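Convert by adding 668 to the 1-based position in the sequence shown; the result is the number in this note's numbering. Glycine included, C-beta positions come from ideal geometry on N, C-alpha and C. None of these values were measured; they are calculated from a predicted model.
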Amino acid sequence: AFALADADAVRARHADWARRGLAIIQTPIELDFGHTFVALDPDGHRLRVFAPKAA
669 AFALADADAV
679 RARHADWARR
689 GLAIIQTPIE
699 LDFGHTFVAL
709 DPDGHRLRVF
719 APKAA
């Protein structure tokens, strides 16, 4: 998993990875633990990117 500073950083990483052609299997969404999305690397491994919810 990749922890980022905030939701804006998550959305920016999503846009970058989508532009580079990574398969996005979960678009950016707010969940209980924070803002997140999931992509697949070229070998099919899931890569979760998230920004923890502020305490």
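When you compare each of Arg-716, Ala-722, Glu-698, Ala-673 to Trp-685 by their alpha carbons, which one comes out closest? Here the question's residue 685 lines up with position 17 in the sequence shown. Comparing Cα positions, the closest option is Arg-716.
Per DSSP, which one or two residues make a beta bridge with Arg-688? Mapped onto the sequence shown, residue 688 falls at position 20. According to DSSP, Arg-688 bridges with nothing at all.
Proximity to Thr-695 [Cα-Cα], best of Lys-721, Ala-680, Val-706, Asp-711: Against the sequence shown, residue 695 aligns to sequence position 27. Closest option to Thr-695, Cα to Cα, is Val-706.
Any idea what DSSP makes of His-682, helix, strand or coil? As a position in the sequence shown, residue 682 is number 14, starting the count at 1. If DSSP states are grouped into helix, strand and coil, His-682 belongs with the helices.
Beta-carbon within less than 8 Å of Arg-714's beta-carbon, same chain only, minus the 5 sequence neighbours each way: which residues are those? Counted from its first residue, the sequence shown places residue 714 at position 46. These residues qualify, in order along the chain: Ile-693, Val-706, Ala-707, Leu-708.
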